[in-house]
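S.K.: One structure, pasted below without further comment.
Below, the structure is given as structure tokens:
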């Protein structure tokens, strides 16, 4: 099994995340729904499964791996949280009537729950999922873990299937929950099941190898079921469409299939991995910039043109960041070397 196929699928998923966060791409509402709320929705579960799969692999090599990984992820998260903090506060001012005294509460909620901007919720959710799954596995094992994770995910799906809730008491309870916590898209209700799946797939990788020949068929079969569920959701739209049951088997099968994908040597998967990472963090800035262009020039009013400009801007800015981060260690080394040479020269003069 090779990780190159995973890196390739993750890069495609990063592009789909950008597509999802852009304006409507297809004029037909049904087609746009199937593209954005079915196809694009697999991206985040795939990230969660692949991340937790490799975290589990790292745990098998070092008992300190999870701690170091979360520490590194948290550093990146807090850096980008600071970048998006002013934009997040502007969004809060436009959409909520918060007094200045509640800003610290909003900041804490943003950092540890929703993210300081809409895409950053993924990081605290992933960290919570990894910590929680690791603890539950030690305490209870996979049967209890998947039972709890399925129950939590089931509650989360009430957001998607809100229009189908027939029990008035459940509906009132869910309304109260949403009024307090805004969304069920978090580490407990959403991330837990996918992180558990990533751990499980690593622990049972031998069975995946033995089932390799069936993976393509399973991806197609579960993909068709996912499309069917997407049609059901479209016929009665709920509060949001983050949760769909078929995302679990489809994304799991897609991940297993991607373990065996042969990627040509000429494709630089490490570059794609780095680009995908920065696409995720940077793309909302490019979406905002493109929106300003739309307001300034009617030429950019076409949704496809907006998407293309956003993708190009995200790619160029991500490439620039990668280049700068690669060059900084060399500049730091040159600076340290220069300081040492100058220090030695001064000591000789003295």
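Numbering (UniProt numbering), first residue to last: 1 to 350. The beta-carbon is built from N, C-alpha and C at its ideal position, and this holds for glycine as well.
1. What is the rounded straight-line gap between the Cα of residue 11 and the Cα of residue 237?
2. Have a look at residue 254 and residue 97 and give me their C-alpha separation to the nearest angstrom.
3. Three or more C-beta pairs under 8 Å: does that hold for the region 276–290 against the region 14–23?
4. Please identify the residue among 268, 166, 214 and 102 whose C-alpha is closest to the C-alpha of residue 256.
5. Output the boundary residues of the alpha helix (DSSP H) element that contains residue 150.
6. Below 8 Å CB to CB, which residues in the same chain sit around residue 240 once its five sequence neighbours on both sides are set aside?
7. Rounded to whole angstroms, what is the Cα-Cα separation between residue 165 and residue 175?
8. Could you tell me the alpha carbon to alpha carbon distance between residue 102 and residue 266, rounded to whole angstroms?
9. Cutting at 7 Å between CB atoms, please list the residues of its own chain near residue 216, excluding the five before and the five after it.
10. Taking C-beta to C-beta, are residue 251 and residue 49 nearer than 8 Å?
11. Check whether the Cβ atoms of residue 42 and residue 247 sit closer than 8 Å, and answer yes or no.
12. In chain order, what residues of the same chain have a beta carbon less than 6 Å from the beta carbon of residue 6, not counting five sequence neighbours either side?
13. Distance, Cα to Cα, residue 18 vs residue 64?
14. Quick one, which of 25, 4, 26 and 31 has its alpha-carbon nearest residue 227's?
15. Going by the CB atoms, is the gap between residue 125 and residue 74 shorter than 8 Å?
16. Quick check: residue 293 and residue 269, are their CB atoms within less than 8 Å of each other?
17. With 16 as the cutoff for other CB atoms within 10 Å, does residue 352 come out buried or exposed?
18. Within 10 angstroms of its Cβ, does residue 45 collect 16 or more other Cβ (buried), or is it exposed?
19. With C-beta atoms as the reference, is residue 195 less than 8 Å away from residue 130?
20. So, helix, strand or coil for residue 219, using DSSP?
21. Between which two residues does the alpha helix (DSSP H) harbouring residue 133 extend?
22. Using 8 Å for Cβ pairs, my map puts residue 230 next to residue 9. What's the rounded Cβ distance?
23. Looking at C-alpha atoms only, which residue of 272, 311, 287 and 100 is the closest neighbour of residue 322?
24. Which residue from 69, 115 and 76 puts its Cα closest to that of residue 91?
25. Taking DSSP as the reference, what is the three-state secondary structure of residue 33?
M.R.: This is what the structure holds:
1. As a first step, residue 11 is located in the chain shown; it is residue number 11 there, counting from the start. As a first step, residue 237 is located in the chain shown; it is residue number 237 there, counting from the start. If I take the Cα positions, the gap works out to 29 Å.
2. Position 254 of the chain shown, counted from the first residue, corresponds to residue 254. Position 97 of the chain shown, counted from the first residue, corresponds to residue 97. Between residue 254 and residue 97, the C-alpha separation is close to 43 Å.
3. yes
4. For the purposes of this step, residue 256 is identified with residue 256 of the chain shown, where counting begins at 1. Nearest of 268, 166, 214 and 102 to residue 256, Cα basis: 214.
5. Taking the chain shown and counting its residues from 1, one reaches residue 150 at position 150. Note, residue 150: alpha helix (DSSP H), 142–156.
6. Against the chain shown, residue 240 aligns to sequence position 240. Same-chain partners within the cutoff: 159, 160, 183 and 185.
7. In the chain shown, residue 165 corresponds to position 165, counting from 1. In the chain shown, residue 175 corresponds to position 175, counting from 1. When rounded, the distance between both Cα atoms is 11 Å.
8. For the purposes of this step, residue 102 is taken as the residue at position 102 of the chain shown. For the purposes of this step, residue 266 is taken as the residue at position 266 of the chain shown. So the alpha carbons of these two residues sit roughly 53 Å apart.
9. Stepping through the chain shown from its first residue, residue 216 is reached at position 216. So the list reads 257, once near-sequence residues are dropped.
10. Numbered from its first residue, the chain shown carries residue 251 at position 251. Numbered from its first residue, the chain shown carries residue 49 at position 49. Contact: yes.
11. Taking the chain shown and counting its residues from 1, one reaches residue 42 at position 42. Taking the chain shown and counting its residues from 1, one reaches residue 247 at position 247. Against a cut-off of 8 Å, the Cβ pair of residue 247 and residue 42 comes out as a contact.
12. The residue given as residue 6 occupies position 6 in the chain shown. 50 and 258, listed in sequence order.
13. Numbered from its first residue, the chain shown carries residue 18 at position 18. Numbered from its first residue, the chain shown carries residue 64 at position 64. One C-alpha to the other measures close to 34 Å.
14. Translated into positions along the chain shown, residue 227 becomes position 227. The shortest Cα separation from residue 227 among 25, 4, 26 and 31 belongs to 31.
15. Start at 1 with the first residue of the chain shown, and residue 74 comes out as number 74. Start at 1 with the first residue of the chain shown, and residue 125 comes out as number 125. Cβ atoms of residue 74 and residue 125: not closer than 8 Å.
16. Along the chain shown, one-based indexing puts residue 293 at 293. Along the chain shown, one-based indexing puts residue 269 at 269. No, Cβ-Cβ distance for residue 293 and residue 269 is not below 8 Å.
17. In the structure as shown, the chain starts at 1 and stops at 350, and residue 352 therefore has no counterpart that could be examined.
18. Against the chain shown, residue 45 aligns to sequence position 45. Per the 10 Å Cβ criterion, buried.
19. What you label residue 195 is simply residue 195 of the chain shown in a count that begins at 1. What you label residue 130 is simply residue 130 of the chain shown in a count that begins at 1. Cβ distance < 8 Å, so residue 195 and residue 130 count as in contact.
20. Residue 219 sits at position 219 when you count from the first residue of the chain shown. Reduced to three states, the DSSP call for residue 219 is helix.
21. Locating residue 133 in the chain shown gives position 133, counting from the first residue. Where residue 133 is concerned, the enclosing alpha helix (DSSP H) stretches over 122–139.
22. One-based indexing of the chain shown puts residue 230 at position 230. One-based indexing of the chain shown puts residue 9 at position 9. Not confirmed; about 20 Å, so no contact.
23. For the purposes of this step, residue 322 is taken as the residue at position 322 of the chain shown. Here the closest residue by C-alpha is 272.
24. In the chain shown, the residue the question calls residue 91 occupies position 91. Closest by alpha carbon: 115.
25. Working through the chain shown from its first residue, we reach residue 33 at position 33. In the structure shown, residue 33 sits in a helix (DSSP, three-state: H, G or I).
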